[in-house]
Structure formats: C-alpha cells, structure tokens
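Chains as they are written, first to last, in the working numbering: chain D, 15 to 82; chain Y, 15 to 82; chain E, 15 to 82; chain G, 15 to 82; chain C, 15 to 82; chain F, 15 to 82.
Protein chains: 6
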Amino acid sequence: MPYVNIKVTREGVTPAQKTELISGVTDLLVRVLNKNPATTFVVIDEVALEDWGIGGLPAEEYRRRHKA
Amino acid sequence: MPYVNIKVTREGVTPAQKTELISGVTDLLVRVLNKNPATTFVVIDEVALEDWGIGGLPAEEYRRRHKA
Amino acid sequence: MPYVNIKVTREGVTPAQKTELISGVTDLLVRVLNKNPATTFVVIDEVALEDWGIGGLPAEEYRRRHKA
Amino acid sequence: MPYVNIKVTREGVTPAQKTELISGVTDLLVRVLNKNPATTFVVIDEVALEDWGIGGLPAEEYRRRHKA
Amino acid sequence: MPYVNIKVTREGVTPAQKTELISGVTDLLVRVLNKNPATTFVVIDEVALEDWGIGGLPAEEYRRRHKA
Amino acid sequence: MPYVNIKVTREGVTPAQKTELISGVTDLLVRVLNKNPATTFVVIDEVALEDWGIGGLPAEEYRRRHKA
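Right, here's the structure in full:
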C-alpha cells in the first residue's frame, strides 16, 4: 500500500514523462519491497518556479546567480 | 488542532461536495477525539488524472484497462 | 482513489479511535463522492506536542496560557 | 537538508511576498539549526478558499459568520 | 530540485532496502527529467499498520479479511 | 490560516530550538502576510538519517563522501 508524492518544478513535464515516473516508481516498490502495484499510488505535483525556494531564493533567481 | 489533507482526482468536485467533506471530517474529529472545530483545518487537493498513478499507470489508462 | 492524511497531537489516541477515524473518513468519501473504498487510503500521523505549534508557541505552552 | 512546506489561502500573495517567505524561513533554519541554505527547500502552496476548511466550514463562509 | 516522499507500512524495511529506494528514485528523476541528484531529496516514512487505513479498515484487519 | 510543515533530519533538535522555529515561522507569516497567529499551525517532523536521501544516497553516506 505505498503512497509516493513527487514534487518537481513546473517546467513542461510531458504526459509521457509523467507516465514514466509513475511506472518507474511503482516498479521500484515492487522490486525492492515486493509491494502490490494495484495498491500503490503515485501523485505528481508540479510547483511553479516562484513557489519553490532554494538557497533562500526563488528557484529562478537562484539559478541565475549560480550560473553567472 | 487537527490538520486533515484530502487528495482526490480532479473530476468535477462541486463546492457543495467540498463543503460536505469539510463538515463531515470536522464532525468526525469532534465526535471521535473531542477536538475543537475552531482549530481543525481541512485542506482539499484536486489532482489531475495524468498526475495520479495507480497500478503503475496514470489513473485514466488504469481505468480503461480494468474495465475492458 | 482518494488519499487522506490526518494529523493530530499525540495524546493517547487508541487503536479503536483510529479504526473509527479510518472508517468514518472512508464512508464520507463513498457517500459524498462515490469513491471506491478498496482504493481509499487513510494515513494517521500522531505529532508530539513539542512538534506542534499554534499561536507562535508549542501546543502545550499555548494551552497553558489560554486556560489561565 | 530541511524541507519546508507553507500552505496559505490563495488571496493575492505577490511574488515579492513569496520571496520574503522563502528568505525568511531559510534564514531561520540557518540561525536556529545551522542548516546549509544550499540544501534548504521551501515549497509554497496557495490553496483556493473553497478548498480550505476551518470550524467545519469553507474558509470564506467561516469568516462571514465570525465577523457578523 | 525534486522532493519525493515515500510512505510505506512499517514492516521491517531494512537500511539496505531504503538505500535502494533512495538511489532508484533519484536515478529515475535523473533519467526521465534530467534532474540534478545533488538537489534531489527523498524522504521515507514508515507508517505503523494501525495508522494506515484501506477499504475503511486498518491495514492489518483489511488483509485478514481479504485473505480468508 | 497558514499551515507550515518543517522537515529536518533527526540530530538532536532541542525543545528550545523547536520553540524558536515555531515562533520564528509564525512571526514571519504575521509580518509578511498579516496572518492571524491563533490560526497558524506549524508541524515539525524529525526524519531519521537513514530515511533522508540526497544525491541518491542516505544522508549520512552522502556527507561522508562529500567531506573526504
């Protein structure tokens, strides 16, 4: 009965990539812990860049400074 | 001081249904644990079908296969 | 496929009360949104009083001040 | 490596306010626990008023009643 | 900057299995979304069986009934 | 009505430090968003080092490699 929540920044994740994440995580739980896929949930949250902070800054600003 | 988070797939949940979920969960916490409703929070998240995985598949695909 | 997370302070919640919370929330989702109980998860977290803040204070200190 | 999630009602929080929340929480973790900001994440969720319950009611209805 | 939370029932997950879950999920995010592992967090929560509900019952009771 | 969840590794956080985190986060929400502290919740989760992954490794192993 696992429940997995994946949070990533909202930057054009495609439905095909989401499908890969869902099947990849589920396979991992089956392989490592012998879980039943029928009761394995995966919920993906895409988070706007202005809502994600790292290094004390919104993600976009953080990247700008750390690339310069 | 309970905090309850309800995640459901985004499939046309109405404001009236949300109101019922909020009052139903709060009543349950008052009845079972004698909690104070004034400090009971309920947060509802609607999750797009492509962001919800079950059985290693996005929810829509999962339903299609299990109905056939 | 709902997922519900209930967080309450750790103050002697009994297994029987947890059973009531689980069945009560599940029944609510069946009744209001016609969800399938077999794919409805409820996860209960008990949180130590020192880990729960309200009004800018740990829960125990908050209660002491607001009872006096 | 802290992870902080801030949930507030969706009522016009500006990007500048989000930036302040991110830097304020990160500074707090640096000051109190000596955490490394480069591995401190802050994720902000804005929740629609109809999705936030308090006192057994959606937030808007709750406020209306408690102001009268 | 992904953040992944894995919740499983507390049933003797070993440190080696946790290590496999952490590396497996991180590899998946690198492969599918080209994420940077240095800023990919994975948090595992083990949940006591009495705190996990499915089908309106605590997990242990649910399994008992569905095996008979 | 904010709800804040702070997750940190379990490494001897003291009750006094938790009190500082709770008051600091609450003050921040009052100052930046004019929130009411009486309905501001802060929940702190301490996560065992073996349950926290970064860089594809459990936190302890990650630190060992990145210090050498």
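Glycine included, C-beta positions come from ideal geometry on N, C-alpha and C.
- Nearest to Lys49(G) by alpha-carbon distance, out of Lys21(F), Pro72(F), Thr33(F), Leu47(F), is Lys21(F).
- Contact between the stretch 56–72 of chain G and the stretch 31–51 of chain F is absent, with fewer than three C-beta pairs closer than 8 Å.
- Lys32(D) sits buried, since 16 or more C-beta atoms from the chains shown fall within 10 Å of its C-beta.
- At least one CB of chain Y lies nearer than 8 Å to the CB of Val57(F).
- Distances from the CA of Asn19(Y) to each of Val27(Y), Glu25(Y), Val39(Y) were compared; the closest alpha carbon is that of Val39(Y).
- In the DSSP annotation of this structure, the continuous segment of the beta strand (DSSP E) that includes Val61(Y) starts and ends at 55–61.
- Under the 10 Å beta carbon count, Pro72(Y) is surrounded by 16 or more other beta carbons and is classified as buried.
- For Gly67(F), the three-state secondary structure derived from DSSP is strand.
- Here Glu34(G) is not near Pro29(Y), since their CB atoms are 8 Å or more apart.
- Annotation: the continuous alpha helix (DSSP H) that includes Val44(D) extends over 29–47.
- By the criterion of a C-beta distance shorter than 6 Å, Pro16(F) is surrounded in its chain by Leu43, Lys49, Thr54, once the five residues flanking it on both sides are discounted.
- The Cβ of Val44(C) sits no closer than 8 Å to any Cβ of chain D.
- In the three-state reduction of the DSSP assignment, Pro51(E) falls in the helix class, which pools H, G and I.
- In chain F, no part has a C-beta under 9 Å from the C-beta of Ile36(G); the shortest such distance is about 10 Å.
- By the criterion of a C-beta distance shorter than 6 Å, Glu74(D) is surrounded in its chain by Leu63, once the five residues flanking it on both sides are discounted.
- Against chain E, the CB of Tyr17(D) has a partner CB under 8 Å away; the residue lies at that interface.
- Buried is the label assigned to Gly67(E), since at least 16 other Cβ atoms lie within 10 Å of its Cβ.
- Residue environment analysis places Gly26(E) among the exposed positions, since fewer than 16 neighbouring C-beta atoms fall within 10 angstroms of its C-beta.
- Per DSSP, the continuous alpha helix (DSSP H) segment holding Arg78(E) begins and ends at 73–81.
- Below the 7 Å Cβ cutoff, chain D contributes Gly69, Gly70 as neighbours of Pro51(G), in chain order.
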